[in-house]
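So the structure is just underneath, and the comments pick up after that.
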Amino acid sequence: MNRNDKLRIIFGRLMQAIPSIIGIIIVTFILTRALPGDPAVYFAGPAATEKSIQEVRVSLGLDKGWLEQFWIYATSLATGDLGVSVSTGLSVKEELIRRLPASLELTFLALIFSVGVALPLGIAAATRPNSWVDQLCRLVVTAGVSLPVFFTGLFMVYLFYYILGIAPAPLGRLDIIYLSPPTVTGFYTIDALLDGDFETFGAAFRQLILPAITLGIFTLAPLARMTRGAMLQVLSSDFIRTARASGLKRSTVLYSYAFRNALLPILTTLGMVFSFMLGSNVLVEKVFAWPGIGSFAIEALIVSDYAAVQGFVLAMAILYVLLNLTIDIVYTLVDPRVGLES
Amino acid sequence: MSEFFKHLRYVLTENPVTLIAGTMFVLLVIAAFIGPSIVPYDPMASSASQSLKPPSWEHWFGTDQLGRDVFSRIVVATRLDLAIAVSAVAISFIFGSVLGSLAGFFGGWADRIVGRITDTIMAFPLFVLAMGIVAALGNSVENIVYATAIINLPFYARMSRTEVNIRRSADFVLAARLAGNSSLRLLATQIYPNTLPPLMVQVSLNMGWAILNAAGLSFIGLGVRPPTAEWGIMVAEGAGYIVSGEWWLAIFPGLALMLAVFTFNLLGDGLRDLIDPRRRT
Chain A
1 MNRNDKLRII
11 FGRLMQAIPS
21 IIGIIIVTFI
31 LTRALPGDPA
41 VYFAGPAATE
51 KSIQEVRVSL
61 GLDKGWLEQF
71 WIYATSLATG
81 DLGVSVSTGL
91 SVKEELIRRL
101 PASLELTFLA
111 LIFSVGVALP
121 LGIAAATRPN
131 SWVDQLCRLV
141 VTAGVSLPVF
151 FTGLFMVYLF
161 YYILGIAPAP
171 LGRLDIIYLS
181 PPTVTGFYTI
191 DALLDGDFET
201 FGAAFRQLIL
211 PAITLGIFTL
221 APLARMTRGA
231 MLQVLSSDFI
241 RTARASGLKR
251 STVLYSYAFR
261 NALLPILTTL
271 GMVFSFMLGS
281 NVLVEKVFAW
291 PGIGSFAIEA
301 LIVSDYAAVQ
311 GFVLAMAILY
321 VLLNLTIDIV
331 YTLVDPRVGL
341 ES
Chain B
1001 MSEFFKHLRY
1011 VLTENPVTLI
1021 AGTMFVLLVI
1031 AAFIGPSIVP
1041 YDPMASSASQ
1051 SLKPPSWEHW
1061 FGTDQLGRDV
1071 FSRIVVATRL
1081 DLAIAVSAVA
1091 ISFIFGSVLG
1101 SLAGFFGGWA
1111 DRIVGRITDT
1121 IMAFPLFVLA
1131 MGIVAALGNS
1141 VENIVYATAI
1151 INLPFYARMS
1161 RTEVNIRRSA
1171 DFVLAARLAG
1181 NSSLRLLATQ
1191 IYPNTLPPLM
1201 VQVSLNMGWA
1211 ILNAAGLSFI
1221 GLGVRPPTAE
1231 WGIMVAEGAG
1241 YIVSGEWWLA
1251 IFPGLALMLA
1261 VFTFNLLGDG
1271 LRDLIDPRRR
1281 T
């Protein structure tokens, strides 16, 4: 297999993302035009005058035909224009970019947590079927999908903040006594480390733990279930039996032979996990007063700030497509088998 | 039919978890139907002197900030929560299975169009899409139902597409075709009924998810409005009291929500055992 084959596969995968993105743009376009009554009135906000409504109507192209409206919408998206948030007066794009690092920091830590717990748990459950680990795995999997994420969050706040007093108050990214670190990446923990300020790092990290675990628990279930299932299947295959019969070390059989082959279904599940994660992120941010894009969307929803809400939906959908794309590309690059069949 | 009941009894007695889930399901249905007439207190009656009382013999789950009985509100809320989930799942089941069947049976353009629609819905993080739909259609309970139905549609469409597709040229279908039945008639009378059992399992598993989604939407302030009793909004209202130690306001409705979701998930697993013993895990 040569390098060109892989490049071709990656290019093909990139092309596949295009219909998704077109679909997303069409749906968000319909959503912005589906508002009951006159969309221009909604987008101009409650304090709008007759003149500003007219301005919004012209800028959104609402006085023109559908196709032309769509063209205006798509071209303004291409330049990154998501409209103006009437509640903050800033452009939606700026607002989202400013708040995105907070959400990403939370999501990444949650992902690390859930992968870090789910994979070992799933592997342990698959290697010892019907043992206590397997039962624990089953319990976690069933409980994980049944627990409302906002309930888990509140319960943890009650337990760790109110009763045990070991967690900080669930009020955002950093206690008010600390100054936020100089912005480099926008991730408070990383910025604090870059600044050499370990005290701020600790404070930021403590704020992160509870929301990240809350988010992680919810996404743990599908990952653990998939890991267990995929491992069970691989472990019962002939080549594993041969490897065992040849006297290979248990860890070699388990990790280099079985786990690497079980990775494909696990990675495919990650796509679904991201869907869960980006959605429940909104709920977790509300519980912990986390100043990310989810809280921004909730605040916007409450005051009927339509441009902001639809900008958020669009941004999340694009982010989701890109995450899935990244997984596929990484997989193509890493897996030596990809490209062999063709 | 007696064969079916024998199998049902076997599944229920063989796996105690399914029996528990079945019992909880019956309790939930009872609460949904006659809940409002059996609760000890009026779920809307506030009383300033009784506000924020911890759980006691008089108020099993305590009282909220307005002195309303939390237990009564949780029981009464069952009807609304289940109604939202049942109607959402019913809508997505009907539309999803019909669209999926058409796609699976006719293939070609029908398949491509339905495939595009489901792919586009799945391209969104689903909860976020539901937020966007409710924001666009307007903030009401009805629209929560529609939003939840839309985000569940792809699961039914994909599933019935596959189920129809594998039966499309089965012998019994070919025989029925030879007997002179039209395509649509074949689909409706021969194939579609056969796809229902696996879809029913999906319905049960999906119910839990629909309840979670609807409660999540009302938790962030969409759809149901106070003072209506609904689990998601009760958790949201109680959230502010957690940090000052009044845990019963948010924890009990949260537990009710969890139990309901748990019930449907376990029931779905049990139903799968009943319908398709081979797929047991």
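Chain order of the listed sequences is A and B. FYI, the numbering used here numbers position 335 of the first sequence as 335, with every residue one higher than the one before it. FYI, the numbering used here numbers position 35 of the second sequence as 1035, with every residue one higher than the one before it. Using N, Cα and C, we set each Cβ at its ideal position, and we do this for glycine too. Computed from a predicted model, the values in this text were never measured in an experiment.
Secondary structure of residue i, DSSP reduced to three states
| i | result |
| --- | --- |
| Val-1261 (chain B) | helix |
| Ser-342 (chain A) | With a pLDDT of 43 at Ser-342 (chain A), under the threshold of 50, the modelled position of that residue is not reliable, and no figure is offered here. |
| Thr-185 (chain A) | coil |
| Thr-49 (chain A) | coil |
| Val-309 (chain A) | helix |
| Thr-1281 (chain B) | Because the pLDDT at Thr-1281 (chain B) is just 45, under 50, the model does not fix this residue reliably, and the point stays unresolved. |
| Pro-1125 (chain B) | coil |
| Trp-66 (chain A) | helix |
| Ile-18 (chain A) | helix |
| Val-1039 (chain B) | coil |
| Met-1044 (chain B) | coil |
| Asp-1111 (chain B) | helix |
| Asn-130 (chain A) | coil |
| Lys-6 (chain A) | helix |
| Phe-288 (chain A) | coil |
| Ser-256 (chain A) | helix |
| Asp-335 (chain A) | coil |
| Gly-144 (chain A) | helix |
| Pro-265 (chain A) | helix |
| Lys-1053 (chain B) | coil |
Interface residues of chain A facing residue i [CB-CB closer than 8 angstroms]
| i | result |
| --- | --- |
| Met-1258 (chain B) | Ser-146, Leu-147, Pro-148 and Phe-151 |
| Arg-1225 (chain B) | Per Cβ cutoff of 8 angstroms: no residues; Arg-1225 (chain B) is ~12 angstroms from chain A at best. |
| Arg-1158 (chain B) | Ordered by position in chain A, no residue passes the 8 angstroms Cβ test against Arg-1158 (chain B), which lies about 13 angstroms from the chain. |
| Val-1235 (chain B) | Pro-148, Phe-150, Phe-151 and Leu-154 |
| Arg-1116 (chain B) | Pro-19 and Gly-23 |
Those residues which DSSP pairs with residue i across a bridge
| i | result |
| --- | --- |
| Thr-1063 (chain B) | B:Asp-1069 |
| Ser-91 (chain A) | A:Val-84 |
Under 9 angstroms by beta carbon: chain A residues contacting residue i
| i | result |
| --- | --- |
| Thr-1120 (chain B) | Pro-19, Ser-20, Ile-22, Gly-23, Ile-24, Ile-26 and Val-27 |
| Ile-1251 (chain B) | Phe-151, Leu-154, Phe-155 and Tyr-158 |
| Gly-1062 (chain B) | None at all; the shortest Cβ gap to chain A is about 14 angstroms. |
Expected contact under 8 angstroms - CB spacing of residue i and residue j to nearest Å
| i | j | result |
| --- | --- | --- |
| Gly-1107 (chain B) | Ser-1160 (chain B) | That pair is no contact at about 14 angstroms. |
| Ser-114 (chain A) | Leu-223 (chain A) | 6 angstroms |
| Ile-298 (chain A) | Ile-1220 (chain B) | 5 angstroms |
| Tyr-331 (chain A) | Leu-267 (chain A) | 5 angstroms |
| Glu-105 (chain A) | Phe-187 (chain A) | 4 angstroms |
| Leu-31 (chain A) | Gln-310 (chain A) | 6 angstroms |
| Met-277 (chain A) | Ala-110 (chain A) | 7 angstroms |
| Ser-146 (chain A) | Gly-1208 (chain B) | 7 angstroms |
| Phe-259 (chain A) | Ile-123 (chain A) | 7 angstroms |
| Phe-1105 (chain B) | Leu-1199 (chain B) | Between Leu-1199 (chain B) and Phe-1105 (chain B) the Cβ distance is about 15 angstroms, and since that is not below 8 angstroms, they are no contact. |
| Val-157 (chain A) | Leu-210 (chain A) | 7 angstroms |
| Ala-102 (chain A) | Gly-292 (chain A) | 4 angstroms |
Contact set between residue i and chain B, taken where Cβ atoms lie within less than 9 angstroms
| i | result |
| --- | --- |
| Tyr-320 (chain A) | Ala-1123, Phe-1124, Pro-1125 and Val-1128 |
| Gln-310 (chain A) | Gly-1132, Ala-1135 and Ala-1136 |
| Tyr-162 (chain A) | Ile-1242, Val-1243, Ser-1244, Gly-1245 and Trp-1247 |
| Thr-142 (chain A) | Phe-1262, Asn-1265, Leu-1266 and Asp-1269 |
| Tyr-306 (chain A) | Ala-1135 and Ala-1136 |
Contacts that residue i makes with chain B (C-beta to C-beta distance below 8 angstroms)
| i | result |
| --- | --- |
| Ile-302 (chain A) | Gly-1221 |
| Ile-298 (chain A) | Ile-1220 and Gly-1221 |
| Ser-59 (chain A) | In chain order: nothing, as chain B lies at least about 19 angstroms away. |
Listed by chain order, chain B residues near residue i by CB distance under 7 angstroms
| i | result |
| --- | --- |
| Val-287 (chain A) | Ala-1239 |
| Val-92 (chain A) | Those within 7 angstroms of Val-92 (chain A) in chain B number zero; the least Cβ separation is about 14 angstroms. |
| Met-316 (chain A) | Pro-1125 and Val-1128 |
| Leu-278 (chain A) | Pro-1125 and Val-1128 |
Chain-ordered chain A contacts of residue i [CB-CB under 7 angstroms]
| i | result |
| --- | --- |
| Leu-1212 (chain B) | Pro-148 |
| Gly-1208 (chain B) | Ser-146 |
Problem - Sufficient close CB pairs (3 or more, under 8 angstroms) joining the stretch 1019-1031 of chain B to the stretch 1263-1273 of chain B - result: Contact between the stretch 1019-1031 of chain B and the stretch 1263-1273 of chain B is present, because at least three Cβ pairs lie under 8 angstroms.
Handout entry: Stretch-stretch touch, CB-based, cutoff 8 angstroms, three pairs: the stretch 158-172 of chain A with the stretch 1225-1233 of chain B
Key = Cβ pair count under 8 angstroms is below three, so no.
Problem - the stretch 1053-1068 of chain B contacting the stretch 1239-1254 of chain B, beta-carbon criterion three pairs below 8 angstroms - result: Short answer: they touch.
Handout entry: Segment contact, 8 angstroms Cβ cut-off, at least three pairs: the stretch 254-267 of chain A with the stretch 297-311 of chain A
Key = Using a C-beta cut-off of 8 angstroms, the stretch 254-267 of chain A makes no contact with the stretch 297-311 of chain A, since fewer than three inter-stretch Cβ pairs fall below that distance.
Handout entry: Contact between the stretch 1086-1096 of chain B and the stretch 1066-1077 of chain B (3+ Cβ pairs under 8 angstroms)
Key = Taking 8 angstroms as the limit for Cβ pairs, the verdict is that the stretch 1066-1077 of chain B does not touch the stretch 1086-1096 of chain B.
Exercise for the section: Check whether the stretch 1148-1162 of chain B touches the stretch 1233-1241 of chain B, counting contact only when three or more Cβ pairs, one atom from each stretch, lie closer than 8 angstroms. Expected result: The stretch 1148-1162 of chain B is not in contact with the stretch 1233-1241 of chain B.
Practice task
Tell me, please, whether the stretch 1166-1174 of chain B touches the stretch 1083-1092 of chain B by the rule of three or more beta-carbon pairs shorter than 8 angstroms.
Solution key: Verdict: no, contact absent.
Exercise for the section: Check whether the stretch 123-135 of chain A touches the stretch 228-243 of chain A, taking contact to mean three or more Cβ pairs, one atom from each stretch, closer than 8 angstroms. Expected result: Touching, yes, given that three or more Cβ pairs across the two stretches are closer than 8 angstroms.
Problem - Cβ contact check for the stretch 143-158 of chain A and the stretch 244-254 of chain A: 3 or more pairs under 8 angstroms - result: The stretch 143-158 of chain A, when compared against the stretch 244-254 of chain A, does not touch it at the 8 angstroms Cβ threshold.
Practice task
Would you check if there are 3 or more beta carbon pairs closer than 8 angstroms linking the stretch 177-187 of chain A to the stretch 97-104 of chain A?
Solution key: Yes, they touch.
Problem - Stretch pair the stretch 312-329 of chain A + the stretch 11-27 of chain A: three plus CB contacts closer than 8 angstroms - result: Yes: the two stretches touch, three or more of their Cβ pairs being nearer than 8 angstroms.
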